[in-house]
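Asks:
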Amino acid sequence: MKRIIVANWKMNPQSALEAAAIIAGLMPVCKSLKNTQAVICPPFVYLNLKSKIKNLKFTTGAQDVFWEESGAYTGGVSVKMLKNLGVTHVIVGHSERRAHFQETDNMVNKKVLTALRAGLKVILCVGERERIDSEMPTIVKEELTLGLRGVAAQKAKNLIIAYEPIWAIGSDRADTPEDLFGMVIYIRRALLDIFGKNFAESIPVLYGGSADDKNAEGFLKVRGVHGLLVGRASLDIKKFGNILKIASSLK
Ligand code: PGA
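Residue numbers (the working numbering): 74 to 324.
(1) How would you write the range of the beta strand (DSSP E) that Gly220 sits in, first residue to last?
(2) Could you pull out every residue in the same chain whose Cβ sits closer than 8 angstroms to the Cβ of Val165, ignoring the five residues on either side in sequence?
(3) I'd like to check one pair, Leu122 with Ala80: are the Cβ atoms closer than 8 angstroms?
(4) When you compare each of Lys156, Ser244 and Thr211 to Glu142 by their alpha carbons, which one comes out closest?
(5) Under DSSP, the alpha helix (DSSP H) around Ile234 begins and ends at which residues?
(6) Report yes if the C-beta distance between Ile77 and Ser168 is below 8 angstroms; otherwise report no.
(7) Would a C-beta distance cut-off of 8 angstroms place Ser283 and Ala241 closer than the cut-off?
(8) In this structure, what does DSSP give as the bridge partners for Val303?
(9) Could you work out which residue in Asn315, Thr132, Pro115 and Leu293 is closest to Leu279 when comparing CA atoms only?
(10) Report the start-end ranges of each alpha helix (DSSP H) in the stretch 103 to 151 that is 4 residues or longer and not cut off at the edges.
(11) Is Glu176 near the ligand PGA, judged by its Cβ being under 7 angstroms from some heavy atom?
(12) Output yes if chain D places a C-beta closer than 8 angstroms to the C-beta of Asp137; else output no.
(13) Mapping the DSSP letters down to three states, classify Gly223 as helix, strand or coil.
(14) Measuring CA to CA, which of Val213, Arg296 and Pro115 is closest to Leu90?
(15) Grab me the residues of Met74's own chain with a C-beta within less than 7 angstroms of its C-beta, minus the 5 sequence neighbours each way, in chain order.
(16) Among Trp82, Phe131, Asn271 and Gln175, which residue has its Cα nearest to the Cα of Ala229?
(17) Could you pull out every unbroken beta strand (DSSP E) segment of at least 3 residues lying fully inside the stretch 241 to 291, listed in chain order?
(18) Using beta-carbon positions only, say whether Arg296 and Phe268 come within less than 8 angstroms of one another.
(19) Please classify Val195: does DSSP put it in a helix, a strand, or coil?
(20) Pull up the distance between the alpha-carbon of Gly159 and that of Asp206, whole angstroms please.
(21) Give me the residue from Pro210, Gln110, Ala97 and Met84 with the minimum Cα distance to Phe117.
(22) Can you tell me where the beta strand (DSSP E) with Val163 in it begins and where it stops?
(23) If you drop the 5 nearest sequence neighbours on each side, which residues of the same chain put their C-beta closer than 8 angstroms to that of Gly149?
(24) Within the same chain, show all residues whose beta-carbon is closer than 7 angstroms to that of Lys247, passing over the 5 residues directly before and after it, in chain order.
(25) Short of 6 angstroms in beta carbon distance, which residues of its chain neighbour Asp286, apart from the five on each side in sequence? Order them along the chain.
(26) Can you check whether the CB of Gly243 is closer than 8 angstroms to the CB of Arg305?
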């Protein structure tokens with residue numbers, strides 16, 4: 074399975090010029106990637122950068138999408154709009170959207186279903202607010218079960234799960250590879266319950282939460298982890314470039 078390194082720029086940077094500069098800075102690294110896919114998820118307003126630069130060696134993803142197809146939904150962005158810009162991925166259910174935009178599991182589920190129907194690859198984010206030692210966070214299983222309700226097993230090939238413990242996001246307190254391993258097994262079991270063996274195994278699981286070029290290798294070496302969802306470090310050309318190089322250099 075190819076490694077997937079996702080850049081989640083969140084609400085940054087503040088100008089298209091800066092966005093273009095980050096992309097230009099990453100181009101040389103992206104050209105030489107082996108067995109690694111880079112997915113850049115800028116804010117909606119910069120998604121068209123992809124069509125302006127030729128021979129881009131990464132794909133683009135949106136940070137959100139609305140579930141209705143078109144119409145009177147002020148501020149909404151539809152799956153078709155994304156598809157028409159050449160966007161291939163969409164992040165759904167990020168904890169910041171759940172917290173600041175009051176997104177519920179039901180809304181997340183509608184977005185997942187709409188995006189999959191349109192043929193987009195869905196990066197579904199799940200993660201617990203607090204980690205209590207020796208207890209598996211059942212909220213993660215709940216978010217998976219509710220977020221994926223009604224998804225046909227055949228669509229699992231377009232799913233990517235991003236495990237992002239909320240306490241590790243933006244905190245400089247990343248998870249440890251050891252604890253991540255346990256979580257990945259827990260997530261795999263939940264996916265198995267939902268989709269059955271044949272389909273669940275093909276779903277990549279990513280880690281996110283203060284991932285950077287110092288800890289990337291440790292996480293990427295965890296069995297069952299297929300990539301990273303990177304926030305802050307993805308805006309730093311050097312750091313994100315290093316993460317891509319690390320991913321590309323691993324067997
Ligand atoms: P962080 O963000 O890398 O800045 O912790 C990760 C994320 O929220 O996707």
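Note that CB positions come from ideal geometry on N, CA and C, so glycine has one too.
Replies: Straight from the coordinates:
(1) Translated into positions along the sequence shown, residue 220 becomes position 147. First-last for Gly220: Thr211 to Gly220, but that is the alpha helix (DSSP H), not the beta strand (DSSP E).
(2) Numbered from its first residue, the sequence shown carries residue 165 at position 92. Cβ neighbours of Val165 beyond the five flanking positions: Asp137, Val138, Val181, Lys184, Val185, Ala188, Val195, Ile196, Leu197, Cys198 and Gly220.
(3) Here residue 80 refers to the residue found at position 7 when the sequence shown is read from its first residue. Here residue 122 refers to the residue found at position 49 when the sequence shown is read from its first residue. Against a cut-off of 8 angstroms, the Cβ pair of Leu122 and Ala80 comes out as no contact.
(4) The count along the sequence shown starts at 1 and reaches residue 142 at position 69. Ranked by how close their Cα comes to the Cα of Glu142, the residues Lys156, Ser244 and Thr211 have Lys156 in first place.
(5) Numbered from its first residue, the sequence shown carries residue 234 at position 161. Note, Ile234: premise wrong, no alpha helix (DSSP H); beta strand (DSSP E) at Leu232 to Tyr236.
(6) Locating residue 77 in the sequence shown gives position 4, where the first residue counts as 1. Locating residue 168 in the sequence shown gives position 95, where the first residue counts as 1. Taking 8 angstroms as the cut-off, the Cβ atoms of Ile77 and Ser168 do not count as close.
(7) Sequence index remark: in the sequence shown, residue 283 carries index 210 (1-based). Sequence index remark: in the sequence shown, residue 241 carries index 168 (1-based). Yes. Within cutoff.
(8) Locating residue 303 in the sequence shown gives position 230, counting from the first residue. Here Val303 is bridged, per DSSP, to Ala80.
(9) To locate residue 279, count along the sequence shown from 1; it is residue 206. Of the candidates Asn315, Thr132, Pro115 and Leu293, the one whose C-alpha sits nearest the C-alpha of Leu279 is Leu293.
(10) Listed in chain order, they are 122 to 125.
(11) Here residue 176 refers to the residue found at position 103 when the sequence shown is read from its first residue. Checking the Cβ of Glu176 against the ligand PGA gives no.
(12) Absent here is chain D; the protein component of the structure consists of one chain.
(13) As a position in the sequence shown, residue 223 is number 150, starting the count at 1. It is coil, neither helix nor strand.
(14) Counted from its first residue, the sequence shown places residue 90 at position 17. Checked all of Val213, Arg296 and Pro115; the closest Cα to Leu90 is Pro115.
(15) Within the sequence shown, the letter at position 1 stands for residue 74. Contacts found: Pro277 and His299.
(16) The residue labelled residue 229 in the question sits at position 156 within the sequence shown. Checking every option, the nearest Cα to that of Ala229 belongs to Asn271.
(17) Fully enclosed beta strand (DSSP E) runs of 3 or longer: 278 to 281.
(18) Your numbering for residue 296 matches position 223 in the sequence shown. Your numbering for residue 268 matches position 195 in the sequence shown. The Cβ-Cβ distance between Arg296 and Phe268 does not fall below 8 angstroms.
(19) Residue 195 sits at position 122 when you count from the first residue of the sequence shown. In this structure, Val195 counts as strand in the three-state DSSP scheme.
(20) Numbered from its first residue, the sequence shown carries residue 159 at position 86. Numbered from its first residue, the sequence shown carries residue 206 at position 133. Spanning the two alpha carbons is a distance of roughly 43 angstroms.
(21) Working through the sequence shown from its first residue, we reach residue 117 at position 44. Minimum Cα-Cα distance from Phe117 among the listed residues Pro210, Gln110, Ala97 and Met84 corresponds to Met84.
(22) Stepping through the sequence shown from its first residue, residue 163 is reached at position 90. First-last of the beta strand (DSSP E) with Val163: His162 to Val165.
(23) Along the sequence shown, one-based indexing puts residue 149 at 76. Within the same chain, Gly149 has close Cβ partners Phe139 and Glu141.
(24) The residue given as residue 247 occupies position 174 in the sequence shown. Sequence check: residue 247 is Ala here, not Lys. Around Ala247: Ala241, Gly282, Ser283, Ala284 and Asn288.
(25) As a first step, residue 286 must be located in the sequence shown, where it is residue number 213. Cβ within range, chain order: Lys312, Asn315 and Ile316.
(26) Numbered from 1 along the sequence shown, position 232 holds the residue referred to as residue 305. Numbered from 1 along the sequence shown, position 170 holds the residue referred to as residue 243. Going by C-beta atoms, Arg305 is nearer than 8 angstroms to Gly243.
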